[in-house]
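A short worksheet on the structure shown next.
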Amino acid sequence: MKKVLVVGGGGREHAIVDALSRSPQVGKIYCAPGNAGIAAQAECVPIKDTDIDALLRFAQENAVDLTVVGPEAALVVGIVDRFREAGLRIFGPTQRAARIESSKEFAKNLMQQYGIPTAGYKTFERYEEARDYVHTRPLPAVLKYDGLAAGKGVVIAQSMEEADTALREMLLDDKFGKGRVVIEDYLTGPEFSFMCFVSGHKVLPMVLAQDHKRAFEGDKGPNTGGMGAYSPLPFITAEDEQFALHRIMQRTADALCQEGALFTGVLYGGLMKTPQGVQVIEFNARFGDPETEVVLPRLKSDIYEIFSAVAEERDPGRAEWADFATLGIVLASKGYPGSYEKGFEIKGLDQVDGTVYHMGTARKEDRLVTSGGRVMIVVCRGETPAEAREKALQQVGRIECDNLFFRRDIGAKGLSGIEEK
Ligand code: AMP
Ligand code: GLY
Numbered sequence: 000m001k002k003v004l005v006v007g008g009g010g011r012e013h014a015i016v017d018a019l020s021r022s023p024q025v026g027k028i029y030c031a032p033g034n035a036g037i038a039a040q041a042e043c044v045p046i047k048d049t050d051i052d053a054l055l056r057f058a059q060e061n062a063v064d065l066t067v068v069g070p071e072a073a074l075v076v077g078i079v080d081r082f083r084e085a086g087l088r089i090f091g092p093t094q095r096a097a098r099i100e101s102s103k104e105f106a107k108n109l110m111q112q113y114g115i116p117t118a119g120y121k122t123f124e125r126y127e128e129a130r131d132y133v134h135t136r137p138l139p140a141v142l143k144y145d146g147l148a149a150g151k152g153v154v155i156a157q158s159m160e161e162a163d164t165a166l167r168e169m170l171l172d173d174k175f176g177k178g179r180v181v182i183e184d185y186l187t188g189p190e191f192s193f194m195c196f197v198s199g200h201k202v203l204p205m206v207l208a209q210d211h212k213r214a215f216e217g218d219k220g221p222n223t224g225g226m227g228a229y230s231p232l233p234f235i236t237a238e239d240e241q242f243a244l245h246r247i248m249q250r251t252a253d254a255l256c257q258e259g260a261l262f263t264g265v266l267y268g269g270l271m272k273t274p275q276g277v278q279v280i281e282f283n284a285r286f287g288d289p290e291t292e293v294v295l296p297r298l299k300s301d302i303y304e305i306f307s308a309v310a311e312e313r314d315p316g317r318a319e320w321a322d323f324a325t326l327g328i329v330l331a332s333k334g335y336p337g338s339y340e341k342g343f344e345i346k347g348l349d350q351v352d353g354t355v356y357h358m359g360t361a362r363k364e365d366r367l368v369t370s371g372g373r374v375m376i377v378v379c380r381g382e383t384p385a386e387a388r389e390k391a392l393q394q395v396g397r398i399e400c401d402n403l404f405f406r407r408d409i410g411a412k413g414l415s416g417i418e419e420k
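Per numbering that gives the first Met the number 0, the sequence shown starts with residue 0, numbered consecutively.
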């Protein structure tokens, strides 16, 4: 039986651990650092996700057969490169390939060079030039800090003043560090997430999902890590999906090979169905969170087999997916994505008829308490997304905690047909 180490400790990793626990080949799962929910399915080890030395030592000492990386932070510091140098099998892209996520400029240049549809753009280093450029263009202005900024590096400015303030912060005050800014054309249309297992030129698509990034109902409020997701998506046609697979995901995998940055891991396309067709908003070099929590429960194939093939740069072959729909609602701490308090007791989990993936929970004595911004996600199944939605809305109400909020409208737009307009 195989031993697997999952790196990370959120809802995404809980869903990965859950999928691995369904593999007949997997006998033991470790998760570093994991969380209180993951602890029920894996042995949690208190190592930070970016502490490569300690993770490597742990994997060697415990004869781990395969390591699976969740968070981008670990990829960006080169965990995959280090494990491979040490001769260990690991699922995830190298530091070089992960630039598709860590550098917006690298991603945009690659797309332009290889004819992958995305918004037109220009890159700036100097505040004055960026400001002058924005003033010649229509609003809203899309400004993106070039680097990892925990989802906060994108500003859609509705006025020149707003654009100016954002450019000052990014280029003069170095709010996120020394960097550049990509200024893009503004696109419109529904967004969706297309995750694929990529092993060099081989691309194995997963089923589609849609995230809900804004904190509040009606897509209001600040951007978050994601407040809920569902799968499949009624507003994406088979034709759109084929286009996205061949003209976007496959081309990007091929382009990365061509550029000497062969990709192994999950390539995540953050796509938009615009009136001009499907275009790329961003790429990530990892599983999405909370998309993974609604996508992996639909995977019928052995995920250990897929992870192993990709880790060895082999063809992962095909995957089988269940017909049922899934919808997940995130429970977040009041105040998130701003500041929030931790340590509130959570009860009622045993009353939930559905899957609960923990995102930010901890054990305090024998109580389960909140320990993060996003705390958990309740995922329910249905024959249709609408049925899954109804069920998730019922079940989420069974969780008791004084300091949580959630959105009641996850999936509402997509399922009502509004997204198709
Ligand atoms: P990103 O971090 O690049 O995914 O951007 C965060 C969010 O900003 C996206 O999910 C979109 O809603 C929005 N966004 C980014 N780029 C554009 C664009 N070119 N046009 C319109 N909206 C955008
Ligand atoms: N759900 C968006 C992300 O994982 O980046």
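No residue lacks a Cβ here, since even glycine has one placed at the ideal position from N, Cα and C.
In chain order, Leu186, Gly188, Glu190, Gln278 and Ile280 place their CB closer than 6 Å to the CB of Met271, counting only its own chain and leaving out the 5 sequence neighbours on each side. Listed by position along the chain, the residues with Cβ atoms less than 5 Å from a non-hydrogen atom of the ligand GLY are Asp210, Gly225, Gly287 and Asp288. Not one heavy atom of the ligand AMP sits closer than 7 Å to the Cβ of Asp349. Here the segment 324-337 lies against the segment 395-412, with 3 or more beta-carbon pairs under 8 Å apart. For Glu344, the closest of Thr354, Arg388, Arg366 and Ala324 by C-alpha to C-alpha distance is Arg366. The beta carbon of Asp408 sits closer than 6 Å to those of Glu216, all from its chain and outside the five residues before and after it, given in chain order.
Separation of the CB atoms of Gly410 and Phe323 is rounded to 14 Å, and the pair is thereby denied contact status at 8 Å. For Ser332, there is no enclosing alpha helix (DSSP H); the enclosing beta strand (DSSP E) has its first and last residue at Ala324 to Ser332. Relative to the ligand AMP, the beta carbon of Asn108 is positioned no closer than 7 Å to any heavy atom. Shortest gap from the CB of Asp64 to any heavy atom of the ligand AMP: 7 Å or more. Shortest Cα-Cα distance from Leu87 to any of Ala96, Leu65 and Asn222 involves Leu65.
Taking 7 Å as the cut-off, one finds at least one heavy atom of the ligand AMP near enough to the beta carbon of Ile155.
Under the three-state reduction of DSSP, Glu319 is assigned to coil, being neither helix nor strand.
The closest heavy atom of the ligand AMP lies 7 Å or more from the beta carbon of Leu270.
The beta carbon of Phe282 lies closer than 8 Å to those of Ile99, Glu100, Ala106, Thr251, Leu266, Tyr267, Gly268 and Gly269 in the same chain, with the five residues before and after it left out.
By the Cβ criterion, the segment 36-48 is in contact with the segment 9-18, since at least three pairs of Cβ atoms, one from each stretch, lie closer than 8 Å. Contact between the segment 0-9 and the segment 19-35 is present: three or more C-beta pairs spanning the two stretches fall below 8 Å.
The beta-carbon distance between Gly225 and Pro289, rounded to whole angstroms, is 5 Å. This is short enough to meet the 8 Å contact definition. In the DSSP annotation of this structure, the continuous segment of the alpha helix (DSSP H) that includes Glu128 starts and ends at Tyr126 to His134. Taken from the Cβ of Lys143, at least one heavy atom of the ligand AMP lies inside 7 Å.
Annotated three-state conformation of His245 is helix, per DSSP.
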